[in-house]
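To start, the structure under review is shown below, and the notes come after it.
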Amino acid sequence: MSAKKKGSEIRVAASYAVLVLFSVIALFPVWQIVSISLRPADRLLATTLELVPANASFRNYEALFTDRPFILWMFNSTFVAAAVTLSGVVLASTCGYAFSRFQFIGKKAGLLSLLVTQMFPATMLLLPMYIMLVNLGLINSYLGIVIMYSATALPFCIWQMKGYYDTIPTSLEEAGRIDGCNQFQTFYRIILPLAAPALVITALFSFMAAWTEYLVAAQILQDTELWTLPLGLKSFESNMGSEWGLYGAASVIVTIPVVILFLSLSRWLVSGLTLGSVKG
Amino acid sequence: MKRGRGPLSSALYLLALLGVAGCALFPASCGNAGPEKIRITIWHQDRIDVRLILERQLARFMALHPEVRVEQLFKETEQLRSGFIIAAIAGQGPEIVYGPSDQVGPFEVMNIILPLESIFEKEWLDRYDPRGLTWYKGHLYQVADKLGNHLTLVYNKKLVPVPPATDAELVAIGKRLTADLNGDGRPDRYGLAWNYTEPFFFIPFMTGFGGWIMDDRGAPSLDSRGTVDGLKFVIALRDTHRIIPNEADYEIADLLFKDGNAGMIINGDWSWAGYLNAGLDIGVAPLPRIAATGTWCGTMVSPKGFSLNVNITPEKKRWAVELIRFLMAEENQLEAAQELYTMPTHRGVQQSGFVRDNEILRNSRIQIDHGRPMPVVPELRAIWDAMRPAYQSVLAGTMTAEQAGREMQALALRRIREMNE
Amino acid sequence: MRDSQKLRQRLFVFALVAPAFVILFGVVIYPFFYNVVISLSNMNLRHIRDWRIIGFDQYVKVFTEPSQPAFYGVFLKTLIWTFVNVFFHVVIGVFLALVLNQKEIRGKWLFRAILVLPWAVPQLIVALTWRGMFNYEYGAINQILRQWFGLQGVQWLKQPLEAFMAVIITNVWLGFPFMMVIALGALQSIPRDLYEAADIDGASWLHKLTTITIPLIRPVMVPAITLGTIWTFNNLNIVWLVSNSGEPSDQTHLLVSFVYKAAFNFYRYGYGAALSMVIFAILLVFSLTFMRKSKATENVYS
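Chains as they are written, first to last, in the working numbering: chain A, 86 to 365; chain B, 87 to 507; chain C, 14 to 315.
Take a look at the structure:
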């Protein structure tokens, strides 16, 4: 018994070591970006390994909020990302459920077609997309981008939800039926909560798709007041000689909501909800 | 079994309402300026300090003409070109597009910009430096208010009190400055640093040794003595005289110069303000003369100007033209020159006190006079693309300079043929 | 099932599936067919509005035109790029998820927050930062190699092989958090009592891993791996930024770089469309084979 305990102590210590190692690897380049934001005179690079750059200051952060409409960009991006997340969660959870539970004509083709939509290099799709949106009157509108982003994020999310639903035994729906629930209620009250981790992934992925996307937004949005964060960040860039200080500061701030979202959602990702008690 | 998803559900419902409300409130034409105003849009790729001046000038224009609303939209250079092409082909796009002259070629071939010589009368055009008027295939397609985009020799006055006038002086100063300050066997300070791995930044030495990228008919002329000797010169700077770093891209060179670890840098007029703001005591000098050929290193000079979208409506055209005249006017060009050190195109402003006497502008003018206009033909992109691999192979030592000249030429011809099939 | 029940079920399925698919097809169908048409045309700089169908010429060009660098070399590079990346993403991601999932670990939230950072930070600046780290003279990687390991620096960005490794390293760093998050989710679907039963039987950790964990996270991991492969194959961004558009000497390219160059640099839209279709065909064949092998369209408990 004590040998097993010793073994598990070693395992835990090794686990911490691994986690710390990877954390350092993950953190190091990100810290470089923080350094960029603190360095004066828009230096993208540095010649030393120092953690805190010489003459560090928060001037870039100040300038970000006072000299540029950063808050507007943030508001715009939040709005768009929230809409895409919402549509992603609603549509993927329902669609994935259908693919998991039912057999119907075109099911295999449907699933494959989801993949197919991802296989095209985005570069070539910009021109027809623009023409299409012009004809639909969706240029320069958030509705246009939300639709485009949803279309980009949905395939993965649907597949993901389907995969997760596949691990939930159908006996649960039968139990629900016996209890008198109709199909939708079974889905909504019994199965959906069990698929919480997949919902988290869907939400996170949809959010990221909208929060970080540049090409489509650049093509569709024509008004400066509508700019999302990626467009705003791009405005710090020039062909040569970008405003790296501001870019770094903006990048740091833009990362924070993502991490917060992830942390708050990961309650359900690692909920430890023991399905065993239910599945048994 | 019911878990605490109450708050989550309510949050989602709220977001849903927000979403629906928002999509309804953001119709296609946002930024409502009132029902009567005529809306003119300018797309540009100006960096922030130029943008601020543009906004100021636009505000003045709108104050003068309350029935017009002008909006400016920044797009990164590549996005500006491809975005304008896509929009214009779809029948949309801004009324005015403002950018460097090399976009004129592709835009003209695709038939998305208007000829301007019938719109602006000759007397008005004569007020401006002819280098700022971009003619292509017999038509005027762009009128520019700024001339430049040219490389110059920027030097740190603390390290280099007097800039070099010839290549020999350049090497001498470089040798004096390049030093291993901390004794680790590798130099910490270089005499010269610049983005020499990029063909655009190699052009000065190609011209200094007598070459140029294309001949009068627009065909590439990369296989020349100028190319070969220029390549050999750059290699010599790195390997024989050792005054430039082993590996330098734009950011590294910029960093070395800003940190005071490079005495000189070859960079363009867009960079001077950044160095001044970084607190460096910089001077701007023309690139040196190559003693062997007697030729001054020339760079590509490009005007930055206004073109009109072919989709423009007649009513908006009238105002767009008014706006261009306004932005090209004397006082606005002077304002830009004073704050940005860009070379104006208005002849009167070019002769004015500030532009004549200011040290930076004085030297900038000399370099512009040594330079050659950037070609506007669409094939230019093919040439850049063709130069890069061979050029970098020479730097890596896997190709000789003579071979590189031939390779560049062959690849350029092939790319041009592919483009035009 | 009675007919009315069947009908209700069909309507239910339809209501679940239709909204998503309407959006998807609406958005994708037109661009897709537009590209098919353009790929058969001569649309380029000279024929931007007056293009006409010319047949399969563009496809012939894709395969036979002498290109710089050579087509098949780049194709091979793209394959290596894809598989190496996905392999490390999945292995590191699943590994970290397993480690992080253990109940003895404290401060999980902190580790999770840090480990998700590569996914969360804006790609452009982080790619350029990595590029800076690979600089021979001043980059952090060589500095660490010199100071801590006493090695001479590696010429990361100036040699083709090293440059290729550099872009792969960067992309692995960027991509493992995604797989880690998926794996964390997947691990939640495994009933605890399966492990407890195995423990009672005295199974080793390796046995538990291979007979319980891996098979049961498969339904969730397989979509991620499939799509991850497709995305990685076409992921131009990182390669472009870290190698500064293909340095050294245009050696660091993926297949999709050609599409980008053709469309953006040379305005050869017909050629770009044809190449896009070829890429599409390659990925389609891959997906079909992978899907059939992993039986991903079916249900795991059935």
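Built from N, CA and C at the ideal position, the CB exists for glycine as well.
Values in this document were obtained by computation on a predicted structure and should not be read as measured data.
Fill in: Neighbour list for ASN197 of chain B in chain C, Cβ cutoff strictly below 8 Å
ILE61 and ARG62
Worksheet entry | Sequence-distant residues of its chain with Cβ nearer than 8 Å to ARG167 of chain B (five each side left out) | GLY185, GLN189 and PRO192
Worksheet item: Considering only residues of the same chain and omitting the five flanking positions on each side of ALA498 of chain B, which have a CB-CB separation below 7 Å?
Response: PRO306, LEU308, ALA468, ILE469 and ALA472
Worksheet item: ASN506 of chain B touches chain C at which residues, Cβ-Cβ below 9 Å?
Response: ASN57, LEU58 and ARG59
Worksheet item: Are ALA334 of chain A and SER122 of chain A closer than 8 Å when you measure CB to CB?
Response: yes
Fill in: Close-in-space but distant-in-sequence residues of the same chain around PRO273 of chain B (CB under 7 Å, 5 per side omitted)
THR264, ALA265 and ASP266
Worksheet item: If you check the beta carbons only, do ASP315 of chain B and PHE286 of chain B fall under 8 Å apart?
Response: no
Practice prompt. Starting from the C-beta of LYS402 of chain B, find all residues in its chain whose C-beta is less than 7 Å away, skip the five residues before and the five after it, and write them out in chain order.
Written response: ILE124, ILE126 and GLU181
Worksheet item: What's the call for ARG474 of chain B, buried or exposed, on a 16-neighbour Cβ count within 10 Å?
Response: buried
Practice prompt. Please name the residue, chosen from C:ILE51, C:ALA31, C:ASN257 and C:MET304, that lies closest to MET209 of chain A on a Cα-to-Cα basis.
Written response: C:ILE51
Worksheet item: Is DSSP giving THR284 of chain B helix, strand or coil here?
Response: Contrary to the premise, residue 284 of chain B reads as Glu rather than Thr in this sequence. In the structure shown, GLU284 of chain B sits in coil (DSSP, three-state: anything other than H, G, I, E or B).
Practice prompt. Determine the closest residue to ASN278 of chain C out of C:GLN160, C:ARG205, C:GLU260 and C:LEU58, with distance taken between C-alpha atoms.
Written response: C:LEU58
Discussion item. So, at 8 Å on beta carbons, what are the nonlocal neighbours of PHE113 of chain A in its own chain, with the 5 sequence-adjacent residues on each side left out?
Written reply: none
Worksheet item: With a Cβ-Cβ cutoff of 8 Å, do GLY491 of chain B and THR313 of chain B count as a contact?
Response: yes
Worksheet item: Can you tell me whether THR265 of chain C is buried or exposed, with buried defined as 16 or more other CB within 10 angstroms of its CB?
Response: buried
Discussion item. Going by DSSP in three states, SER393 of chain B sits in which element: helix, strand or coil?
Written reply: strand
Discussion item. If you reduce the DSSP assignment to three classes, tell me which class TRP244 of chain C lands in.
Written reply: helix
Worksheet item: Shorter than 8 Å from the beta carbon of TRP122 of chain C to some beta carbon of chain A?
Response: yes
Worksheet entry | chain B contacts made by the stretch 315 to 336 of chain A, where a contact means CB separation under 7 Å | LYS319, SER320, GLU322, SER323, ASN324, MET325, GLY326 and GLU328
Worksheet item: Taking the alpha-carbon positions, what's the LYS208 of chain B to LEU202 of chain B distance?
Response: 11 Å
Worksheet entry | Where ALA33 of chain C falls: helix, strand or coil (DSSP) | helix
Fill in: Interfacial residues, the stretch 198 to 227 of chain A to chain B, with Cβ spacing under 7 Å
LEU211, LEU212, TYR215, ILE216, VAL219, GLY222, ILE224, ASN225, SER226 and TYR227
Worksheet entry | Outcome for ILE93 of chain C when other beta-carbon atoms lying within 10 angstroms are tallied against a minimum of 16 | exposed
Worksheet item: CB TYR273 of chain A to CB SER185 of chain A, shorter than 8 Å?
Response: no
Worksheet item: Using a beta-carbon distance below 8 Å, is LYS90 of chain C in contact with chain B?
Response: no
Fill in: Reduced DSSP secondary structure (H/G/I, E/B, other) of LEU237 of chain B
strand
Discussion item. Using a Cβ-Cβ distance cut-off of 8 Å, determine whether ILE338 of chain B contacts chain A.
Written reply: yes
Practice prompt. Go ahead and label TRP161 of chain C buried or exposed: buried means 16 or more other beta carbons lie within 10 angstroms of its beta carbon, across all protein chains shown.
Written response: exposed
Worksheet item: Is DSSP giving PHE321 of chain A helix, strand or coil here?
Response: coil
Item to complete: Please state whether DSSP places GLN4 of chain C in a helix, a strand or coil.
Response: Lying before the first or after the last residue shown, residue 4 of chain C is absent from chain C, which here runs from 14 to 315.
Item to complete: For my contact list, ALA294 of chain C and GLY285 of chain C are in at a C-beta cut-off of 8 Å; report their separation, rounded to the angstrom.
Response: With a Cβ gap of about 15 Å, ALA294 of chain C and GLY285 of chain C do not count as contacting.
Worksheet item: Below 8 Å between beta carbons: does that hold for ALA348 of chain B and ALA359 of chain B?
Response: no
Worksheet item: What residues of chain A sit near THR163 of chain B, judged by a beta carbon separation below 7 Å?
Response: ASN324
Worksheet item: So is THR170 of chain A buried or exposed if we call it buried at 16+ other beta carbons inside 10 Å?
Response: buried
Discussion item. Please report the straight-line C-alpha distance between ASP302 of chain B and TYR222 of chain B, rounded to a whole angstrom.
Written reply: 13 Å
Worksheet item: Which residues in the same chain as ILE225 of chain C place their Cβ atom closer than 7 Å to its Cβ, once the five residues preceding and following it in sequence are excluded?
Response: ILE203, LEU207, TYR208 and ALA211
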